[in-house]
Amino acid sequence: MRYGLLIQVLCFCCWSTLVGCATQVATSPVVKGDGAMQVVAKTFHSFPLDQCKPVGNGDGMVKKVDHFLMIFDPSASMTEPYAASSLCANCHQSYSDNGFVVSHVESHGGGEVDVMDLTAVGQSCIGCHRDYLHTKFKFAKELALCFNKSIPEIDFIGSLRSFGSPIYTQVAYGPISYDRPQYDLALQKIIDVDGASPLDQTLIHTNKDWFAAEGPMAVLIVSDGKDMGDQEVLAAKELVGRYLDRVCLYTVQIGNDEMGREVLQKIAAAGKCGGSVNGDILLDSGKMADFVRQVFLTTTGASGDSDGDGVPDAKDECPGTKAGTEVDERGCWKLVVMADVLFAFDRHDLRPAGMAVLDKVVEFLKENQTLTLEISGHTDNVGSQAYNDQLSRQRAMAGQGYLVSKGIAKERIKAFWHAFNKPVAGNESMEGRSRNRRIEFKFSSPL
3 MRYGLLIQVL CFCCWSTLVG CATQVATSPV VKGDGAMQVV AKTFHSFPLD QCKPVGNGDG
63 MVKKVDHFLM IFDPSASMTE PYAASSLCAN CHQSYSDNGF VVSHVESHGG GEVDVMDLTA
123 VGQSCIGCHR DYLHTKFKFA KELALCFNKS IPEIDFIGSL RSFGSPIYTQ VAYGPISYDR
183 PQYDLALQKI IDVDGASPLD QTLIHTNKDW FAAEGPMAVL IVSDGKDMGD QEVLAAKELV
243 GRYLDRVCLY TVQIGNDEMG REVLQKIAAA GKCGGSVNGD ILLDSGKMAD FVRQVFLTTT
303 GASGDSDGDG VPDAKDECPG TKAGTEVDER GCWKLVVMAD VLFAFDRHDL RPAGMAVLDK
363 VVEFLKENQT LTLEISGHTD NVGSQAYNDQ LSRQRAMAGQ GYLVSKGIAK ERIKAFWHAF
423 NKPVAGNESM EGRSRNRRIE FKFSSPL
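In terms of the working numbering, the sequence shown opens at residue 3 and continues consecutively.
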């Protein structure tokens with residue numbers, strides 16, 4: 003690959019899923035200097051393992067799991083080149099932001115940068131990762147190792163399972179008292195194999211592993227979600243059916259396979275607690291720490307906090323919130339969804355993945371019949387006021403319409419749209435604009 007295509011590579015994989023802004027013309031710098039591509043290929047989307055440290059459990063936080071299982075996917079599809087998720091597009095959306103590009107290249111050891119306008123064609127990110135052997139397996143292994151290094155200093159029973167050829171599923175660690183170095187060693191020993199993706203069988207064996215287990219449990223599945231379907235979702239529901247509210251299901255998707263994302267989201271949704279994220283999000287050390295805390299820790303149930311959500315009953319506008327639910331300062335379910343999860347670029351019709359998110363909202367509203375909901379659509383500041391007014395309105399109304407179609411009374415839902423008038427971050431940077439393109443769900447006081 004020519005060094006002059008470096009920035010095209012960084013941008014090309016990101017253009018198609020940009021959300022809440024007008025189409026842009028691609029402009030890309032040309033990179034000069036030997037070794038620039040090799041340096042970037044080895045550091046781009048890699049986890050700094052030396053910076054992964056155990057999260058603290060202060061501020062009234064206590065452990066919330068007695069048993070933890072990581073299910074790691076080393077199957078054949080994980081040997082494919084790693085491709086960034088659509089969420090990464092939000093970081094690299096501005097093709098004309100040459101200042102960012104220059105600093106990014108230089109910070110990764112690149113040579114001199116000569117800025118000039120070029121069409122964003124040529125090598126894709128997938129091609130680059132293939133050339134330098136940056137596979138989904140490699141990315142997943144680094145993520146799992148960083149996750150392990152970030153686990154707080156608490157006691158619990160740990161397990162590690164993998165699946166694929168030649169054995170459908172096998173135990174790599176435990177169930178035994180968790181030991182960080184030994185768990186790290188077990189992860190290191192997992193190799194990428196050529197086999198199927200029998201996650202359903204792995205979950206069935208988990209049922210057997212935990213036959214006599216007591217106390218709360220957490221399952222973390224690290225996978226691309228490919229070659230999976232209804233049988234895996236059914237196995238997850240059977241696991242939850244046996245242990246009920248004692249088990250939380252978390253999934254981390256590697257890569258950007260659309261069907262894989264839908265399956266992993268359905269698996270996570272089978273539990274009453276847990277969640278589904280893309281591994282790219284966890285590249286941010288702060289978000290990795292937050293995710294680890296979500297899996298392992300919870301706030302101490304203070305006096306006068308009957309539902310244990312950390313908000314005193316006197317201030318809790320949503321009493322009876324289920325265990326494991328993330329709440330805001332009012333004690334109500336907190337949900338902010340990046341717009342590109344729900345909608346395609348410049349569109350307001352829901353993606354399948356967006357429907358899966360809203361299905362959880364439907365379930366929550368049906369379980370809490372006295373609550374009302376405010377849906378608000380937000381954009382970044384790219385494009386005119388009129389364009390963003392219309393887009394944010396259409397998206398908020400699409401969310402309301404979907405909930406009503408699933409049986410939620412229309413009078414319980416109010417839709418608002420604010421275009422770019424209520425940013426949560428500065429629009430000067432790509433990351434800030436990404437955060438501003440969002441749909442907020444605010445659950446309000448009882449009817």
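Idealized CB from N, CA, C, for every residue including glycine.
Since this is a predicted model, take the numbers as computed values, not measurements.
With fewer than 16 other Cβ atoms from the protein chains shown falling within 10 Å of its own Cβ, Gln190 counts as exposed. When rounded, the separation of the alpha-carbon atoms in Ala355 and Tyr252 is 16 Å.
The three-state reading of DSSP puts Glu216 in coil, since its state is none of H, G, I, E or B. In this structure, the beta-carbon distance from Ile192 to Lys143 falls below 9 Å.
With a cutoff of 9 Å on beta-carbon distance, Leu162 and Met80 are scored as not near each other. The Cβ-Cβ distance between Phe141 and Gly227 does not fall below 9 Å. Taking Cys148 as the centre and dropping the five residues before and after it, the same chain places the C-beta of Phe49, Leu51, Cys54 and Met290 closer than 7 Å to its C-beta, in chain order. CA-to-CA, the gap between Glu240 and Pro177 works out to about 20 Å. By DSSP's assignment, Asn280 forms a beta bridge with Gln255. By alpha-carbon distance to Val359, the top candidate from Ala398, Phe139, Gln267 and Asn429 is Gln267.
Non-local beta-carbon contacts of Pro76 in its own chain, meaning distances under 7 Å to residues more than five positions away in sequence, involve Phe139, Ser164, Gly166, Ile192, Ile193, Asp194 and Val195 in chain order. Cβ-Cβ distances below 6 Å link Ser199 to Ser77, Asp229 and Met230 in the same chain, with the five nearest sequence neighbours on each side left out; the list follows chain order. The alpha-carbon separation between Met63 and Thr300 amounts to approximately 5 Å. Between the C-alpha atoms of Leu393 and Val224 there is a straight-line separation of about 34 Å. Inside the region 143 to 194, DSSP marks whole alpha helix (DSSP H) runs of 4 or more residues at positions 182 to 191, from first to last along the chain.
Boundaries of the alpha helix (DSSP H) harbouring Ile269: Glu260 to Ala271, taken from the DSSP string.
The beta carbon of Pro218 sits closer than 7 Å to those of Lys66, Val67, Asp68 and Arg248, all from its chain and outside the five residues before and after it, given in chain order.
The beta carbon of Asp391 is closer than 6 Å to those of Ala421 in its chain, skipping five residues each way along the sequence. Nearest in C-alpha terms to Gly434, of all of Ala237, Asn383, Ile410 and Ser407, is Asn383. Assigned with DSSP and collapsed to three states, Phe422 falls in coil, not helix or strand. As for any alpha helix (DSSP H) of minimum length 4 sitting wholly inside the region 383 to 421, the runs are 387 to 407, ordered along the chain. Taking a 10 Å sphere around the C-beta of Ser179, we find fewer than 16 other C-beta atoms and assign the residue as exposed.
Residue range Leu201 to Asp211 is occupied by the alpha helix (DSSP H) that includes Thr204. Non-local C-beta neighbours of Ser446 in its own chain, meaning closer than 8 Å and more than five positions away in sequence, comprise Glu319, Cys334, Leu373, Thr374, Leu375 and Glu376, ordered along the chain. Annotated three-state conformation of Thr137 is strand, per DSSP. If you look at Met63, you'll find it in the beta strand (DSSP E) that goes Met63 to Lys65.
Only residues of its own chain outside the window of five on either side were considered, and among them Gly409 and Ile410 have a CB closer than 8 Å to the CB of Lys368, listed in chain order. Nearest Cα to Val294 within the set Pro314, Val254, Val313 and Glu264: Val254. Annotation for Phe70: the continuous beta strand (DSSP E) segment containing it runs His69 to Phe74. Just measuring C-alpha positions, the residue of Gln387, Ala146, Trp419 and Leu205 sitting nearest Gln396 is Trp419. Annotation: the continuous beta strand (DSSP E) that includes Gly379 extends over Leu375 to His380.
Setting aside the 5 residues that flank it on each side, Arg332 is surrounded in the same chain by Glu319, each with a C-beta closer than 6 Å to its C-beta; the list follows chain order. Glu442 sits close to Val338, with the two beta carbons spaced by under 9 Å. For Gly401 and Glu264, the gap between their C-alpha atoms comes out near 18 Å. Taken through DSSP and simplified to helix, strand or coil, Ser436 comes out as helix. With contacts defined by Cβ atoms closer than 9 Å, Pro56 and Ile153 form a contacting pair.
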